[in-house]
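Accompanying notes for the structure given below.
Protein chains in written order, with our numbering: chain A, 36 to 324; chain B, 22 to 371; chain C, 1450 to 1680.
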């Protein structure tokens, strides 16, 4: 019994990480209907940025992430403004292929710069601390922080979306880009800002990715797939749905791993396929398409 | 304007058709005869060219004509490869027969796959196909009899038992390994040429017209009576079967399989997409040109490792931004040259 | 103030406007009338920057503004109330009005309180989703949204389309108040009687060309009929 409770707890915490992976993807799709195939590699890239800042300046990883966030915001802004904006349009092939190309470039660029060695962002005592919950159950501080950060990130994004003027512009542009331009909104800047915000969330995701486990330049595509599954399960356009989707993937993986460690990833995919067959529009659909 | 006294008919074909057919036949003859005089290295390189060409034609039919942009075609390459191993090692079939059967099985498995991924649209369909490919990879990694996660090799007595190998050895006085390459070469040639001819015939048929209509506007095609779902499903299943056969052939030649290599998104989808896009998507000529350019790049630059891959990624971006119709699109826009005429033109007759 | 010279517009290969010469003076209300497909909406879209046009074809105070991005045109003080209202469905009524301030020219009369004073019903429904409004209320919100940018020139595309006569009257009754705050109005209107009543001058379009221009009082029914339908 305790074993299974522990498994469920682990799964929910893991889901927090996947929700962090997915929030940026969900945001970008919601605002500009762009599916970014390089999203997973950008998470890994951000993890390397945090790692470099941590080790170069000898900083605490959380502080390093705080410093890295503006860098990655600027990177995202420039990436969207200079490159990805040119690919948007009715045809979905250009954005897919360009982000596919970007994925290959980021992955191999990181291999060239950092080699294929496994890295980790050292978090000191935090890595092993845990909170006893009684009854033989305990929850790791790091997983708990991950889940809390995911909830905070989604609260912050919802605030940005529904309570600020930039959020209004995001929603208006998402509804109808042509009419949004008539309002004096420059779509290219709005899209660039959105990518900047997404990269800021990616920085948080990367921080936990790097502190919780080893990473290397090749693990990006798998993170993209988990993120994508969380977004689809949650329903397009719903950030809380994305959190739920992340938790479902996390739970499925934890349960699968408990049965047989080789089944961890497969169980997550199967959960995704089951939801897709039963509820093709996800559990909490919001957006029209 | 046409008057009512004239009748109008739609026709495909044109001035170049006959020349093209003649040149094509001559080229085909040359390629058939090639292994009898060319070096073994060239034969092996051409096998690579042929199977990449076939994969590219299938992806092009899927994405360029049916509008189904998949980044999960490695699912069917991997399935084909694993079916070849299963059918030869476990069932004991002849490898060539196993290639055909692997295609059938891949086509059958495309049906449940489509049941799932067809629920997604556009870019989400693309990632959905990738997820399904991952599922197949993880499931086949559980197949302990075929080596599980580390994979397995094809025993030499199977690779050397390809149908007709004794005849080829006797006829050309070749050693076993050379004779095997020749048979694989001809199989690959049949697959590639057969694929091009099949795609050409499909696109010239009524189905091709339906596909063109869907690509231009799904609602309009539906209102004109085209069954979008059936048309797309048929293309998806047919390309899966073809891709599966090519996958079987690839792993018969490689004689070693593992889940990671057989379901590699880079090798069997990214490269293939790049070939189609370099050459020109939505044309039959494009993938042919693309595979030649890609093979040359692979031949001269692959040694640079990660830098080569970075170059390929940059190339994909540059082509999409500056030449989205690829090399063939650029050429045919300026010269009006068409080797495989599939566009219908109106012809008036008195 | 706003002038077009030889303005052309294309949808792909299809030419919709064949050289429109038109003028909107400060403080004027000008109506564009014409049959369906005459190019009236296209004309407004071209001015607003939604369709490409040569720089010299559109001039604001003598400065060439043709072909500028729509966002830039809005910032110069030209606001379009688009055909079909085009409110943002995921925004509330008030948010739709606020989004209008993005392209605001500095200074100016209009703010939330004044728009609500002009259209009191919008104040009551300020927190409703814009999709919950009636057609007339949506039209008011769309006009209010354009006013929030403090335009010098308000372009109105078919603001009476699909509305009940009493609602149309209510909406047109606000035009004097809008003009009183210094905006000139260029409107496209299917309803000739309505157009004649509100406009200082009218242009009639036929197949992408100006077929008639003048003051309503100086035009005869026959002239308009001919200009409208051709001969």
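Even for Gly, the Cβ is constructed at its ideal location relative to N, Cα and C.
- Residue 1529(C) sits close to residue 217(A), with the two beta carbons spaced by under 7 Å.
- When 7 Å is used as the limit between beta carbons, residue 253(A) is near no residue of chain B, the shortest such separation being about 11 Å.
- Shortest Cα-Cα distance from residue 276(B) to any of 106(B), 143(B) and 287(B) involves 106(B).
- Look at residue 320(A): its C-beta is not under 7 Å from any C-beta on chain B.
- Residue pairing by DSSP places residue 1606(C) opposite 1637(C) in a beta bridge.
- DSSP, reduced to helix, strand and coil, places residue 1555(C) outside both helices and strands of the structure shown, so it counts as coil.
- Look at residue 141(A) here: in three-state DSSP terms it is helix.
- If you check each beta-carbon in the region 217-228 of chain A against every beta-carbon of chain C, the ones closer than 7 Å belong to 217, 218, 219, 220 and 221.
- Within the same chain, and ignoring the five residues on either side of residue 1649(C) in sequence, the residues whose Cβ sits closer than 6 Å to its Cβ are 1477 and 1478.
- Distance check between residue 206(A) and each of 164(A), 64(A) and 54(A) places 64(A) closest, using alpha-carbon atoms only.
- In this structure, residue 203(B) sits near residue 56(B), with a CB-CB distance shorter than 7 Å.
- Annotated three-state conformation of residue 163(B) is coil, per DSSP.
- Here DSSP, grouped into helix, strand and coil, assigns residue 219(A) to coil.
- For residue 1652(C), the beta-bridge partners assigned by DSSP are 1481(C) and 1662(C).
- Residue pairing for residue 1507(C): DSSP places it in a beta bridge opposite 1453(C).
- At a C-beta separation below 7 Å, residue 1544(C) has these neighbours in chain A: 203.
- Within chain C, 1537, 1538 and 1539 have C-beta atoms less than 7 Å from the C-beta of residue 210(A), given in sequence order.
- DSSP lists 1457(C) as the beta-bridge partner residues of residue 1467(C).
- For chain A, none of the residues of the region 226-255 of chain B brings a beta carbon within less than 9 Å of one of its beta carbons.
- For residue 143(B), at least one C-beta of chain A is nearer than 7 Å to its own C-beta.
- For residue 1455(C) and residue 1467(C), the gap between their C-alpha atoms comes out near 7 Å.
- With contacts defined as CB atoms closer than 7 Å, residue 1654(C) and residue 1486(C) fail to qualify as a contacting pair.
- Taking C-alpha positions only, residue 1490(C) is separated from residue 1637(C) by approximately 7 Å.
- Residues of chain A whose Cβ lies closer than 7 Å to the Cβ of residue 151(B) are, in chain order, 260.
- Contact check for residue 281(A) and residue 57(A): beta-carbon distance about 6 Å, within the 8 Å limit, so the pair qualifies.
- Of all residues in the region 106-125 of chain A, only 118, 121 and 122 place a beta-carbon less than 8 Å from a beta-carbon of chain B.
- Cβ atoms of residue 41(B) and residue 120(B) stay farther apart than 8 Å, at about 29 Å.
- About 6 Å separates the beta carbons of residue 1567(C) and residue 1626(C), which is inside the 8 Å limit, making them a contact pair.
- For residue 214(A), the nearest CB of chain C lies under 7 Å from its own CB, placing it at the interface with that chain.
- Taking a Cβ-Cβ cut-off of 9 Å, residue 294(A) has no neighbours in chain B, whose nearest Cβ is about 13 Å from it.
- Between residue 128(A) and the set 114(B), 143(B) and 108(B), the nearest pair of CA atoms involves 143(B).
- It is roughly 23 Å from the alpha-carbon of residue 152(B) to the alpha-carbon of residue 275(A).
- Taking 8 Å as the upper bound for CB-CB distance, residue 287(A) and residue 277(A) are not in contact here, some 16 Å apart.
- At a Cβ-Cβ threshold of 7 Å, residue 1651(C) and residue 1480(C) count as neighbours.
- Counting only runs of 3+ residues, the beta strand (DSSP E) found wholly inside the region 122-190 of chain A occupies 165-169 and 172-175, in chain order.
- DSSP places residue 1530(C) in the uninterrupted beta strand (DSSP E) bounded by 1527-1530.
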